[in-house]
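Engineer: Residues 17 to 104 (the numbering used here) are what the sequence shown spells out, left to right.
Backbone N, C-alpha and C fix where the C-beta goes; we use that ideal spot for every residue, glycine too.
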Amino acid sequence: MSLPGGASMSTEQLQQRYIGTGHADFTKYEWMTNQHRDTYASHVGHYDQLSYFGVAQNQSIGRVRLQMLEKMIQPCGKPPQKDEATNS
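1) Under DSSP, the alpha helix (DSSP H) around Ile89 begins and ends at which residues?
2) Between the segment 90 to 97 and the segment 40 to 49, do three or more beta carbon pairs fall short of 8 angstroms?
3) Quick check on DSSP: helix, strand or coil for Ser26?
4) Which residues mark the beginning and the end of the alpha helix (DSSP H) in which Gln65 is found?
5) Are there 16 or more other CB atoms within 10 angstroms of the CB of Met84, so buried, or fewer, so exposed?
6) What is the DSSP secondary structure of Gln83, reduced to helix, strand or coil?
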């Protein structure tokens, strides 16, 4: 990726600028959570998509927005428990 003016960005700069770019120690759960949150954020940010979902679910746009915002808290359920034996 490059900046305006042609200067390129390093991986570290990308990770500082964009949270969801990940790193070497990213777990599958963290990756899936970021993907789901990005998707819900996109749906909430685009009124036409919210309207489509509202019509499809026979609900108001405000209720659909609220449901998606609530799903963003833990979109993939509770995080898996980490084994202390594997982290040592």
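Structural biologist: So, from the listed chains and residues:
1) It is not in any alpha helix (DSSP H) - Ile89 carries neither H nor E in the DSSP assignment.
2) yes
3) coil
4) Tyr63 to Gln73
5) buried
6) helix
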